[in-house]
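I have placed the structure first, in the form of C-alpha cells, so that the comments after it can refer back to it.
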Amino acid sequence: MSEPSIFSRIISGEIPASVVWQNERLIAFHDIAPRAALHLLIVPKTEIYANVTDLAAGDPQLLAEMVATAATLAREHANGEYRLVFNSGASAGQTVFHVHAHVLAGALTEESLA
Ligand code: AMP
173 MSEPSIFSRI
183 ISGEIPASVV
193 WQNERLIAFH
203 DIAPRAALHL
213 LIVPKTEIYA
223 NVTDLAAGDP
233 QLLAEMVATA
243 ATLAREHANG
253 EYRLVFNSGA
263 SAGQTVFHVH
273 AHVLAGALTE
283 ESLA
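For the working numbering, add 172 to where a residue sits in the sequence shown, where the first one is 1.
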C-alpha cells in the first residue's frame, strides 16, 4: 500500500490548507505557491486517478463537476474568467500524482503555465 498523497493528507485534515469549498467528492483550496492573483486547486477526494486522462476515462461526471466547480469558484473569488490547467506527467510539470485542476484567475505570473 503506497503512502497517501499530500492532497489526501489535506483532505483527512492531517495537513492544514486554506480550504475554500468542499462537498462529498471534491475539495478546493489555495495553492501554497500561487502563480496568479487567484490560484486554487480542485481535487477529487479519491486519489485513485493519477491524472486527468485516467479521470476522464474512469469518471467523466466527476471531471465535469470539477469544471463546473472551477467556474463557480472563479465567479466567487475573481471576475468569473479563469484558466484551467491539468499538468499530466512529470515532464509536463506534474509533481503530485493525485489528479487536480489548477484554477488561475486575475494577474498571472511568468510561471503561470508551468
Ligand atoms: P502539479 O505540479 O501540477 O502536480 O501541482 C501541484 C501543486 O500543488 C503545486 O502548484 C504546489 O504548489 C501545490 N501544493 C503542494 N503542496 C501543497 C500544500 N500543502 N498546500 C497547497 N498546495 C500545495
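The beta carbon of each residue, even a glycine, is placed where N, CA and C say it ideally should be.
A direct Cα-to-Cα measurement between ASP203 and SER174 gives close to 24 Å. Counting along the chain, ARG255 sits inside the beta strand (DSSP E) bounded by residues 255 to 257.
Here DSSP, grouped into helix, strand and coil, assigns ILE187 to coil.
In summary, THR267 is exposed, with fewer than 16 beta-carbon neighbours lying within 10 Å of its beta-carbon over all protein chains present.
DSSP lists LEU198 as the beta-bridge partner residues of PRO216.
Taking C-beta separations shorter than 6 Å and ignoring five residues to either side along the sequence, the partners of LEU210 in its chain run HIS249, ALA250, ALA277 and GLY278, following chain order.
Taking one beta carbon from each stretch, the segment 220 to 230 and the segment 189 to 202 have fewer than 3 pairs nearer than 8 Å; the two do not touch. Around the beta carbon of PRO232, fewer than 16 other beta carbons lie within 10 angstroms, which makes this residue exposed. About 6 Å separates the CB atoms of MET238 and LEU198; that is less than 8 Å, so the two are in contact. Shown here for ILE178: same chain residues with a beta carbon closer than 8 Å to its own, the five before and five after excluded, namely ILE187, VAL268 and HIS270 in chain order. Beta bridge pairing from DSSP links VAL239 with no other residue.
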